[in-house]
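Take a look at the structure below.
Residue numbers (the working numbering): 7 to 234.
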């Protein structure tokens, strides 16, 4: 790749990145399901200084950086062409892609539990997840615009977040569906939820009323033997 092409790609990446330093995630080449949180520190000529955690790639490695802005995910491909201080690396950009956006952020049904922290911790029934928020069923309504702390145990990963209540809907006696938008969540966890939702999207809006964990337990053939 010519010097001019490297310069042009570096300029394009500068335009899509948020103000530096900024956070990104980098899938591991030997295990793409695992993500490393990284920090794009600064631009250095036609390259970028990117800092990894404990496990930084070796010189000559091909890497990807995923940066989320609003509802778009930018996939930045590059190669480690130099070493900087500590776990920082110099990255030459080889490709920039913007993922095709759907009409709205994709969501996925997830039947699990979520811990809600507001006036104490309480378990709720998780309904769906996306890169921008979660929905769950609770035995009480929550005020709209109220901030709540959430804790998901999602696919073996603990995902803490601060969310804001955006929608409250009564679905039955003593059961309310709460829709929340993330206010604070790490880029690594946002990408994890967004990727899962993109791979397992809800095809129709109506499917969001799918059975929850409690509904499935009620339908278990032997469940009647445990009722009081």
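Where is the CB? At the ideal position from N, CA and C, for every residue including glycine. These numbers come from a predicted model, not from an experiment.
Fully contained in the stretch 141-174 is no alpha helix (DSSP H) run of length 4 or more. The beta carbon of residue 44 sits closer than 6 Å to those of 30, 32, 56, 58, all from its chain and outside the five residues before and after it, given in chain order. In its chain, beyond the 5 residues on either side, 86, 87, 88, 89, 95 have a beta carbon closer than 8 Å to the beta carbon of residue 65. According to the DSSP secondary-structure assignment, residue 182 is paired through a beta bridge with 144, 176. Bridge partners of residue 101 according to DSSP: 83. In the three-state DSSP reduction, residue 13 falls in the helix class (H, G or I). DSSP places residue 119 in the strand class (E or B) of the three-state scheme.
Residue 103 and residue 8 have their alpha carbons spaced roughly 19 Å apart. Non-local C-beta neighbours of residue 204 in its own chain, meaning closer than 7 Å and more than five positions away in sequence, comprise 112, ordered along the chain.
Rounded to the nearest angstrom, the gap between the Cα atoms of residue 137 and residue 37 is 21 Å.
Looking at the DSSP output, residue 45 bridges to 29, 57. In its chain, beyond the 5 residues on either side, 34 have a beta carbon closer than 6 Å to the beta carbon of residue 40. A residue is called buried when at least 16 other Cβ atoms come within 10 angstroms of its Cβ; residue 78 does not meet this threshold and is exposed. About 19 Å separates the beta carbons of residue 150 and residue 134, which is beyond the 8 Å limit, so they are not a contact pair.
Counted as a single uninterrupted DSSP element, the stretch harbouring residue 39 is not any beta strand (DSSP E), since DSSP gives it neither H nor E. In this structure, the beta-carbon distance from residue 185 to residue 123 does not fall below 8 Å. Contact between residue 100 and residue 62 is ruled out by a C-beta separation of about 19 Å, above the 8 Å threshold. In the three-state scheme derived from DSSP, where H, G and I count as helix and E and B as strand, residue 62 is classed as coil. Here residue 75 is actually not in contact with residue 153; their C-beta atoms are around 23 Å apart, not less than 8 Å. Under the DSSP assignment, residue 130 falls in the beta strand (DSSP E) whose first and last residues are 127-135.
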